[in-house]
Ligand SMILES: Cc1ncc(COP(=O)(O)O)c(C=O)c1O
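Residue numbers (my numbering), protein chains in the order written: chain A, 13 to 167; chain B, 2 to 419.
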């Protein structure tokens, strides 16, 4: 049961129940839809640029499990106000947290030390390989929105 | 229900003995005895099937219909005997009406491609229902897109039953060429009134095809009594191996259809100018077939028949109805689909938790359920759920396993709230 408790931490349950930035951005500069064909979960991610190479606003909508919803919610909080390049590096780091068995929090670059705690809440999915895609779907969708692609999938 | 018709007293149905036949049921998952409630996705295999397949490979294996040597004859005999077993199992008039396929998906694609290309044109209509698995939707969309035909869908009511008035309306103008529906819904368990629907289709000149995936393993099927035109099912859902399934079609329909794929095994004669084809069913079986798997499927059907499909149906119904009752009593749980006639499938959602999270949590308690859309997006949409958790039962399941599921849901409530 420990692994379950680690997966469903209070922070995740809270974001799952009360997702932040759960809305559409009408004048988004980028938006994409992400599908997880395995379970039918779907997220829409909206990105608004601030005109100075940064992310002015990031929001999402969709229907998904607690992991997908919480991951999307935490992602929007982490991304707002960041530079594009920095956002992509954060995605790489998040990906490592979710998938890399050898991931060592001590190796985290200095620039993201402050974000580490909020990334690590998702580390529990590593023990649930079938659920990794739930955690990464919002981020893939965000990357697709940045790249001007309309859709992303976990496949 | 009168006391003597209650199905609880069935001394002949020895579920513990049956479970002994399935080696995998003895294993543990995360330190707990496995509770396998995902038979709708694929059934576990009894020793009898494993042994039959091993026997072929160890003793009689060779290619079929090819050689003059001893093994080729022995193996062909077994392979064709399995076809006869399928024919008996579904009440076909003769074994030549049974075409081996990789499964139900290939069977439906075969009819859509071979029968469809020869018989469907612009303005014609193919009718399916809201309850279909994607494999009984997409092949017809491909046919529609290739021919200019129309694809129409019979709606279902809130209980999950097909709307027969709407169905009659789709047949009324006589443009429907073929109706293809599932016998039992894989997502919410509805049993469709196949005999009645087939009669309605025939009255208006349409053929009738049935996707029997979720019916063949659970109830007696008689294609002649149902008076349908095509019927198909998958081996792996009937306690047999993967990679094999069967399409049954009326002889005269199969004879009139062009081939599906070309290759060896299906030809009578080949020159570069022209090839002639064998008669059905071989016309539809290009290439070396799944020989070992066909024999395995034959063994699986023999196994089912030895227990008896009426006994299986009574047992599974009892377990599934118990599951409906117990699940409905769990706070926050809604059972989706309340058709009067229903199979051994119970789909549910829980207010507090997404089906995917339910699936993960009960898995850690050793309970395997399916969580997702069950390859039936339109059903999810109809009932306005993104996904459901689904417990589907087989001939080896027990009420005590339902109890284990319900206990595991308590852990879901523990995490997500009550
Ligand atoms: C009702 C129904 N039809 C068709 C299929 C497809 O079967 P297969 O994948 O074995 O071809 C399934 C299996 O999930 C099913 O439940």
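Ideal Cβ placement from N, Cα and C applies to all residues, glycine included.
#### Entry: C-alpha distance - residue 63(B) paired with residue 410(B), whole-angstrom precision
50 Å
### Task
Would you list the one or two residues that DSSP bridges to residue 130(B)?
155(B)
### CB contact check: residue 39(B) to chain A, cutoff 9 Å
no
#### Entry: Outcome for residue 11(B) when other beta-carbon atoms lying within 10 angstroms are tallied against a minimum of 16
Confidence at residue 11(B) is low in this model, with a pLDDT of 48, below 50, so its placement is unreliable and the value that follows should be read with caution. Label assigned to residue 11(B): exposed.
### Task
Could you tell me whether any Cβ in chain B is nearer than 9 Å to the Cβ of residue 110(A)?
no
### Query
At a Cβ threshold of 9 Å, is residue 140(A) touching chain B?
yes
### Task
Find the nearest neighbour of residue 22(B) within the set 38(B), 36(B) and 51(B), judged by alpha-carbon distance.
51(B)
### Message
Contact criterion: CB-CB distance below 9 Å. Does residue 356(B) meet it with respect to chain A?
### Response
yes
### Query
At a Cβ threshold of 9 Å, is residue 381(B) touching chain A?
yes
### Query
When burial is assigned at 16 or more other CB atoms within 10 Å of the CB, is residue 25(B) buried or exposed?
exposed
### Query
Which two residues bound the contiguous beta strand (DSSP E) that contains residue 111(A)?
It is not in any beta strand (DSSP E) - residue 111(A) instead sits in the alpha helix (DSSP H) that spans 96–111.
### Query
How about residue 345(B) and residue 395(B): do their beta carbons lie closer than 9 Å?
yes
### Proximity of residue 355(B) and residue 76(A) at Cβ, strictly below 9 Å
yes
### Message
Measuring only the C-alpha atoms, how far is residue 141(A) from residue 77(B)?
### Response
43 Å
### Query
Are the beta-carbon atoms belonging to residue 57(A) and residue 78(A) less than 9 Å from one another?
no
### Query
Taking Cβ positions, are residue 258(B) and residue 286(B) nearer each other than 9 Å?
no
### Task
Would you mind telling me which residues of chain A sit closer than 8 Å to residue 337(B), beta carbon to beta carbon, in chain order?
Within 8 Å Cβ-Cβ: nothing; residue 337(B) doesn't reach chain A, min ~14 Å.
### Message
For ligand 1, I want to know if residue 94(A) counts as a neighbour, meaning its beta carbon is within less than 8 Å of at least one of the ligand's heavy atoms.
### Response
no
### Message
Using a 10 Å radius around the Cβ and a threshold of 16 neighbouring Cβ atoms, would you call residue 71(B) buried or exposed?
### Response
exposed
### Message
I'd like the list of long-range same chain contacts for residue 35(A), defined as Cβ closer than 6 Å, with 5 residues on each side in sequence excluded.
### Response
71
### Task
Would you mind reading off the limits of the beta strand (DSSP E) that contains residue 117(B)?
It is not in any beta strand (DSSP E) - residue 117(B) instead sits in the alpha helix (DSSP H) that spans 117–120.
### Whole runs of the alpha helix (DSSP H) within the segment 49–97 of chain A, excluding any shorter than 4 residues
78–91
### Message
Under 9 Å, Cβ to Cβ, is there at least one residue of chain B near residue 45(A)?
### Response
no
### Message
If we define contact as Cβ-Cβ less than 9 Å, is residue 164(A) a contact residue for chain B?
### Response
no
### alpha helix (DSSP H) segments (min. 4 residues) lying fully within the segment 228–257 of chain B
252–257
### Query
Sorted by chain position, which residues of the same chain lie with C-beta nearer than 8 Å to residue 98(B)'s C-beta, five sequence neighbours on each side aside?
88, 249, 250, 251, 252, 255, 281 and 282
### Task
Give a yes or no on whether the C-beta atoms belonging to residue 233(B) and residue 61(B) are separated by under 9 Å.
no
### Message
Just to confirm the assignment, what range does the beta strand (DSSP E) spanning residue 335(B) have?
### Response
334–337
### Task
Figure out for me which residue from 298(B), 36(B) and 92(B) has the closest Cα to the Cα of residue 423(B).
The first residue shown for chain B is 2 and the last is 419, placing residue 423(B) beyond what the model contains.
### Query
Closer than 8 Å, Cβ to any Cβ of chain A: which residues of the segment 355–377 of chain B, in chain order?
355, 356, 357, 358, 361, 362, 365, 372, 373 and 374
### Message
Any beta carbon from chain A within less than 9 Å of residue 155(B)'s own beta carbon?
### Response
no
### Query
Is DSSP giving residue 66(B) helix, strand or coil here?
coil
#### Entry: Reference residue 156(B); option with closest CA among 391(B), 138(B) and 380(B)
380(B)
### Task
Determine the chain A residues that contact residue 333(B) at a beta-carbon separation under 7 Å, and present them in chain order.
Result: empty, since nearest Cβ-Cβ is about 14 Å, beyond 7 Å.
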